[in-house]
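Novice:
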Amino acid sequence: MNDFDKLEAIPFPAVLWRVESEDPGDTRLVGCNKLARSVPGAIHRYIGQTVREFIPNTLGLPREFNTAEATLRVAQTGEPEHFPKVPFRDPTSDIPPAVFNIHITRWEANLILFTYEVEEMGGISMDALFQIERRLRMLEHLPGYIVVLDNEGTITEINRMSPAYAGMDFVGRKQWEMGLPEAADRIHARWLQFLHEDEGDHPVDVPGLPEGSWYRLWYTRLDPWTVLCTIIDVTDVKVYEQELVERNLELARSNEDLSQFAYAASHDLQEPLRTITSYLNILVEDLGPQLSDEMAEYIRFITQASLRMKELIEGLLRYARVESQGEPMGEVDLNEAVTSTIKLFRSHPVHFEVDPLPKVMGDKTQIRQVFENLINNSIRYRKPGTAAQVHIRHLGTTDGFHEFVVEDDGIGIAPEYHEMIFQIFKRLHTRQEYDGTGIGLALVRRIVDRHGGRVWVRSAEGDGADFHFTLPVNAFC
Amino acid sequence: MCHVLLVEDYLPDVRLTQRAFRKAESNVEITHVLDGVEALDFLHKRGRYLTAATPDFILLDLNMPRKDGRQVLAEIRKDDNLKHIPVIVLTTSSQDYDVREAHHLGANAYVVKPVKYADFETAVSHIDSFWTKTAKLPKPTP
Chain A
702 MNDFDKLEAI PFPAVLWRVE SEDPGDTRLV GCNKLARSVP GAIHRYIGQT
752 VREFIPNTLG LPREFNTAEA TLRVAQTGEP EHFPKVPFRD PTSDIPPAVF
802 NIHITRWEAN LILFTYEVEE MGGISMDALF QIERRLRMLE HLPGYIVVLD
852 NEGTITEINR MSPAYAGMDF VGRKQWEMGL PEAADRIHAR WLQFLHEDEG
902 DHPVDVPGLP EGSWYRLWYT RLDPWTVLCT IIDVTDVKVY EQELVERNLE
952 LARSNEDLSQ FAYAASHDLQ EPLRTITSYL NILVEDLGPQ LSDEMAEYIR
1002 FITQASLRMK ELIEGLLRYA RVESQGEPMG EVDLNEAVTS TIKLFRSHPV
1052 HFEVDPLPKV MGDKTQIRQV FENLINNSIR YRKPGTAAQV HIRHLGTTDG
1102 FHEFVVEDDG IGIAPEYHEM IFQIFKRLHT RQEYDGTGIG LALVRRIVDR
1152 HGGRVWVRSA EGDGADFHFT LPVNAFC
Chain B
-18 MCHVLLVEDY LPDVRLTQRA FRKAESNVEI THVLDGVEAL DFLHKRGRYL
32 TAATPDFILL DLNMPRKDGR QVLAEIRKDD NLKHIPVIVL TTSSQDYDVR
82 EAHHLGANAY VVKPVKYADF ETAVSHIDSF WTKTAKLPKP TP
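Going line by line, the protein sequences match chains A and B.
Quick note, this note's numbering runs 701 ahead of the 1-based positions in the first sequence.
Under this note's numbering, the residue at position 119 of the second sequence is numbered 100, and the numbers go up by one with no gaps.
Printed below as a string of structure tokens:
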């Protein structure tokens, strides 16, 4: 490597002088690296001159900036010299002014090296410049496209591109020509909308290359003349979205199938059951006096089993009908709904306390059913020998849903069963203790589900149960 | 004496209906056919029903093999010789669209078979008293 190659390897502007005789004034400027050509003052123009010839250019410079005189000293003594923060400016060119830390050292036997360590460039400190540089690198390495546009939509700058666009020069072209033809219209439409109607940064998603790819693109105004267009690859997002849509459709379909199935099954089950119970009746009617006690008991067992099956089937039918035969949602005044539901329990061992209730959005019949089933539960599972105390309250409104609670003072439910009780046909008690079909709470959950709400219970065994549920706020009230 | 055509494919319900009429001490004479094809043969006096008499009213099940009640009803209402006959649908279906369709096709009444036997007897006795005593039935066209 010769001296000039070494010079190029220095990461600062650098110039090289050669001591040519005993007279330090004969020391000659022999070369500079490329970086030095961008230093204000264009020192490369003086290559070939001796210090003696150069010194007239530096007359009048204060001593602390006069590096030409220092060259003479270094040529004589070989002692390095340092000039901190020497300002340079060049009114004859558009090179920005700069401040350098200049180091002058002997380099090998007859060479003197000047290095211009940049302290400030264009009024910006190197720290700030480094930070800007770092930010620029971050942008360059972003796994997306950053495109700078003028107000015509022409690309003026672009960051490092993804492989799909490698090697293609887009600067100078309209940005909607970057992608697929079918995407161009949508990008252009969004661009015009951005420009003329709304400078919000709503993204637009467009198909791209390779086939099946999707890109999300949005605009941000940088200044009155330029707009930043950011483009990221959203193929994965789109694939997941599509999968989600398909899975939801499938789910809806299978739910619908299940509803239809439950409805058909329970309806068809009713018919043989009707025959069984009818003919049992006929047998008892016709044979009545001839039946032995034993046979009468057997027939009673069959009759009871059939009745139970009938209840279960009817429950299943009601459960299936929540979805398949629901009525459209409308405004429901809960004060009315609860008052009319309570009337059903006039002859039951129950006392009510009802706070003022709001209007909700829902299916009136089904919402009444919710209150009816919860009240039924409170009565069925009251403490033995007492009347049930039921308190119905509105707890508040969050995220578009009213929360309600039906509180009782009954036998309560142990926490481990708080989820199980909402499953269809699940019961916590034998039929000898408490009758019931295991449909009531399952129906409540299904109805609340259909309304987009939630139902849960807070209770401790022996200490009453609070059934909470949410129903949508009526948006039109 | 009132002549009723009972169109019903399910034998237990045929017996149940016959028994309920009997228990209502009704004065009807019931002819029973097992499906829609037979019902129309009977009404048109075809095949083995050459000597059949036109019934005073019809009790018609909806869901039957071969030809269901809806088709039978539609054909009866299209036929000038039969369209005057009152048709009472007696079925297990309580679906609203079945009720609507039956009336749309020209049913005179729609009765859901009650699940409980006692209720079934009551329903039949209502049918009997209304259609044989209360209502004045049309005479067949000569």
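C-beta: ideal position from N, C-alpha, C; glycine also.
Quick caveat: nothing in here was measured; it's all calculated off a predicted structure.
For chain B, check one thing: does any of its Cβ atoms lie closer than 7 Å to the Cβ of A:Arg1146?
Specialist: A:Arg1146 does not count as touching chain B.
Novice: Among A:Trp718, A:Phe1170 and A:Arg1019, which residue has its Cα nearest to the Cα of A:Val1061?
Specialist: Residue A:Phe1170 is the option with its Cα nearest to A:Val1061.
Novice: Taking the CB atoms as reference points, tell me whether A:Leu952 and A:Gly909 lie closer together than 7 Å.
Specialist: Contact flag unset, no.
Novice: What are the boundary residues of the alpha helix (DSSP H) that B:Gly50 is part of?
Specialist: Here the alpha helix (DSSP H) through B:Gly50 covers Gly50 to Lys59.
Novice: Taking only beta-carbon positions, decide if B:Thr(-2) is within less than 7 Å of chain D.
Specialist: You won't find chain D in this structure, because its protein chains are A and B.
Novice: Pick from A:Asn956, A:Gly1027 and A:Ile1114: whose alpha carbon is nearest that of A:Glu1162?
Specialist: The candidate whose alpha carbon is nearest that of A:Glu1162 is A:Ile1114.
Novice: Would you report the Cα separation of A:Ala890 and A:Cys930, rounded to the nearest angstrom?
Specialist: Cα to Cα, A:Ala890 sits roughly 14 Å from A:Cys930.
Novice: Inspect the CB distances between the region 1019 to 1026 of chain A and the region 1044 to 1055 of chain A and report whether three or more fall short of 8 Å.
Specialist: Result no; under three Cβ-Cβ pairs closer than 8 Å.
Novice: Within 10 angstroms of its Cβ, does B:Tyr91 collect 16 or more other Cβ (buried), or is it exposed?
Specialist: That one is buried.
Novice: Measuring alpha carbon to alpha carbon, tell me which of B:Asn44, B:Val93, B:Leu(-14) and B:Val53 ends up nearest B:Val144.
Specialist: For residue 144 of chain B there is no data in the structure shown, the boundaries of chain B being -18 and 123.
Novice: Give a yes or no on whether the minimum CB-CB distance between A:Arg975 and chain B is below 7 Å.
Specialist: Judged by the 7 Å Cβ criterion, A:Arg975 is in contact with chain B.
Novice: Closest by CA to A:Arg746, which one among A:Arg738, A:Val1051 and A:Val752?
Specialist: Checked all of A:Arg738, A:Val1051 and A:Val752; the closest Cα to A:Arg746 is A:Arg738.
Novice: Would the beta-carbon of A:Val1174 fall within 7 Å of that of A:Gly1101?
Specialist: Yes, they are a contact pair.
Novice: In this structure, how does DSSP classify A:Ala865 when only helix, strand and coil are distinguished?
Specialist: In this prediction, A:Ala865 scores a pLDDT of 46, lower than 50, which makes its location untrustworthy; the coordinate-derived value is nonetheless stated afterwards. If DSSP states are grouped into helix, strand and coil, A:Ala865 belongs with the helices.
Novice: Given that a residue counts as buried once 16 or more other Cβ atoms are within 10 Å of its Cβ, and exposed if not, what is A:Ala1143?
Specialist: It counts as buried.
Novice: Only counting the same chain, and skipping five residues up and downstream in sequence, which positions put a Cβ closer than 6 Å to that of A:Arg1071?
Specialist: A small correction: the amino acid at residue 1071 of chain A is Val; Arg does not occupy that position in the sequence shown. Val1145 and Ile1148.
Novice: Please list the partners that A:Tyr980 has in chain B, where partner means a Cβ-to-Cβ separation under 9 Å.
Specialist: The answer, in chain order, is Pro(-7), Arg(-4), Leu(-3) and Tyr98.
Novice: When the Cβ atoms of the region 960 to 974 of chain A are set against those of the region 872 to 886 of chain A, are three or more pairs found closer than 8 Å?
Specialist: The region 960 to 974 of chain A vs the region 872 to 886 of chain A: no contact.
Novice: From A:Pro788 to A:Ala710, what distance separates their C-alpha atoms?
Specialist: The alpha-carbon atoms of A:Pro788 and A:Ala710 are separated by roughly 24 Å.
Novice: Below 8 Å on the Cβ atoms is my contact criterion, and I expect B:Leu40 with B:Val(-12) to pass it. Report the Cβ-Cβ distance as a whole number of Å.
Specialist: That belief holds up - the Cβ atoms of B:Leu40 and B:Val(-12) are roughly 7 Å apart, short of 8 Å.
Novice: Measure the alpha-carbon distance for A:His903 versus A:Arg835 and round it to whole angstroms.
Specialist: Roughly 28 Å separates the two Cα atoms.
Novice: Since B:Phe101 meets chain A, which of its residues come closer than 7 Å, beta carbon to beta carbon?
Specialist: Those are Ser979, listed as they occur along chain A.
Novice: Determine whether the Cβ of B:Thr35 lies closer than 7 Å to any Cβ atom of chain A.
Specialist: No, B:Thr35 lies away from the interface with chain A (no Cβ there is under 7 Å from its Cβ).
Novice: Return the first residue and the last residue of the beta strand (DSSP E) that B:Val105 is part of.
Specialist: Note, B:Val105: premise wrong, no beta strand (DSSP E); alpha helix (DSSP H) at Tyr98 to Ser110.
Novice: What residues from the region 70 to 81 of chain B come within 7 Å of chain A, judged by C-beta to C-beta, listed N to C?
Specialist: The region 70 to 81 of chain B vs chain A, Cβ under 7 Å: Thr73.
Novice: Are the CB atoms of A:Glu782 and A:Val775 within a distance shorter than 7 Å?
Specialist: Yes, the Cβ-Cβ distance between A:Val775 and A:Glu782 is below 7 Å.
Novice: Beta carbon of B:Asp37, beta carbon of B:Cys(-17): below 7 Å?
Specialist: Yes. Within cutoff.
Novice: Give me the chain B residues within the contact set of A:Glu972, using Cβ-Cβ distance strictly less than 7 Å, ordered along the chain.
Specialist: Ordered by position in chain B, the residues that pass the 7 Å Cβ test against A:Glu972 are Thr73.
Novice: By Cβ distance, which residues of its chain are closer than 6 Å to A:Tyr920, with the 5 residues on each side in sequence left out?
Specialist: So the qualifying residues of the chain are Phe895, Val928 and Cys930.
Novice: Counting only the same chain and skipping the five closest in sequence on each side, list residues whose C-beta sits under 8 Å from that of B:Leu(-3).
Specialist: Cβ neighbours of B:Leu(-3) beyond the five flanking positions: Tyr98 and Phe101.
Novice: Taking the DSSP output, what are the residues bridged to A:Phe1170?
Specialist: DSSP output for A:Phe1170 lists A:Phe1105 and A:Val1156 as bridge partner(s).
Novice: What separation, rounded to the nearest whole angstrom, lies between the Cα atoms of A:Val1091 and B:Ser74?
Specialist: Distance between the alpha carbons of A:Val1091 and B:Ser74: 38 Å.
Novice: Give a yes or no on whether the C-beta atoms belonging to A:Met723 and A:Arg729 are separated by under 7 Å.
Specialist: Looking at the sequence shown, residue 723 of chain A is not Met but Glu. Cβ distance not < 7 Å, so A:Glu723 and A:Arg729 don't count as in contact.
Novice: Do the CB positions of A:Val752 and A:Thr772 come within less than 7 Å of each other?
Specialist: In this structure, A:Thr772 lies closer than 7 Å to A:Val752 by Cβ.
Novice: Could you name the residues of the region 1001 to 1025 of chain A whose beta carbon sits closer than 7 Å to any beta carbon of chain B, in the order they occur along the chain?
Specialist: For the region 1001 to 1025 of chain A, which is checked against every Cβ of chain B, the residues closer than 7 Å are Lys1011.
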